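A short worksheet on the structure shown next.
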Amino acid sequence: MEFEAEILNFLPSNRQEINDKKVILEFIARFRDTVLLRENEIAHITSSGFLMNPELTKVLLVHHNIRGVWAWTGGHADGDPDLLRVAVREAKEETGVELLRPLSESAASIDILPVFGHEKNGKYVSAHLHLSVAYILICDEVQATRAKPGENTGVAWFKTEKFTEEYFDAPDVYLYNKLINRARVYAKWV
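This note's numbering puts the first residue of the sequence shown at 328, with every later residue one more than the last.
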């Protein structure tokens with residue numbers, strides 16, 4: 328699906344998603360030519376994959392090099408308007424998992440996420456925003472995983488009960504629990 332239609336069709340379930348959807352659509356209208364590209368240094372579209380086992384009891388995360396925390400997979404659209412394809416590609420590249428499927432072909436979450444200034448590949452990247460469109464992806468735990476040097480240092484499964492402030496920061500706890508709950512609701516529909 329074309330990225331703007333994907334965002335337009337997304338049904339927000341709380342104030343955060345209602346407002347983020349509005350802001351993202353306004354940003355797309357103003358920066359249509361660059362919103363899918365990193366060259367837009369203010370904000371750009373990204374797509375993430377929240378990988379869960381078929382029982383929806385565990386989540387596959389990567390230990391992110393830049394953030395220094397366990398995090399979901401995802402990346403820049405880099406001009407690709409098919410955000411589900413971007414999420415699947417990034418999930419495979421970052422975890423080594425080869426077989427996965429979307430729980431739903433529709434976006435599971437829309438979020439505006441801050442990115443702090445950092446060094447990447449010897450270049451300074453200024454603080455900016457990721458206009459994130461996320462999908463819930465399903466894969467079996469028995470698949471081999473591997474880290475992707477330069478992006479992450481590890482890949483591991485986490486039980487859904489671990490998504491508390493004891494283990495993750497508050498924004499990640501909110502986001503990941505929103506996705507876990509949404510996956511459980513989606514699973515009842517399919």
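The beta-carbon is built from N, C-alpha and C at its ideal position, and this holds for glycine as well.
Quick caveat: nothing in here was measured; it's all calculated off a predicted structure.
> What is the residue span of the alpha helix (DSSP H) that I351 lies within?
Replying inline: 342-357 is the extent of the alpha helix (DSSP H) around I351.
>> Which residue wins for smallest C-alpha separation from G406, given the options E488, I372, A332, K447?
In response: Checked all of E488, I372, A332, K447; the closest Cα to G406 is I372.
>> Distance check for G449 and Y503, CA to CA, integer angstroms please.
In response: Approximately 31 Å, taken between the alpha carbons.
>> What does the Cβ neighbour count give for F443, buried or exposed, with the cut at 16 atoms within 10 Å?
In response: By the beta-carbon neighbour count (other beta carbons within 10 angstroms, threshold 16), F443 is exposed.
>> Can you find the residues in the same chain that come closer than 8 Å, C-beta to C-beta, to A454, ignoring five residues on each side of it along the sequence?
In response: These residues qualify, in order along the chain: P441, V442, F443, G444.
> Cα separation between D347 and V500?
Replying inline: Rounded to whole angstroms, the separation of the alpha carbons of V500 and D347 is 18 Å.
> So is Y462 buried or exposed if we call it buried at 16+ other beta carbons inside 10 Å?
Replying inline: Buried, because 16 or more other Cβ atoms sit within 10 Å of the Cβ of Y462.
>> For I351 and L458, which I take to be in contact (beta-carbon distance under 8 Å), what is that distance rounded to the nearest angstrom?
In response: The beta-carbon separation of I351 and L458, rounded to 5 Å, stays under the 8 Å limit for a contact.
> Bridge partners of W484, per DSSP?
Replying inline: L387, per the DSSP bridge assignment.
>> Would R365 and H403 qualify as a contact pair, given that the criterion is a beta-carbon distance under 8 Å?
In response: By the CB criterion at 8 Å, R365 and H403 fall inside the cutoff.
> Taking the alpha helix (DSSP H) that D499 falls in, what are its first and last residues?
Replying inline: Annotation for D499: the continuous alpha helix (DSSP H) segment containing it runs 497-516.
>> So for K475, helix, strand or coil by DSSP?
In response: If DSSP states are grouped into helix, strand and coil, K475 belongs with coil.
>> Please return the same chain residues whose Cβ sits closer than 8 Å to the Cβ of I439, not counting the five positions on each side in sequence.
In response: Here the set comprises D347, V350, I351, A370, L456, H457, L458, S459.
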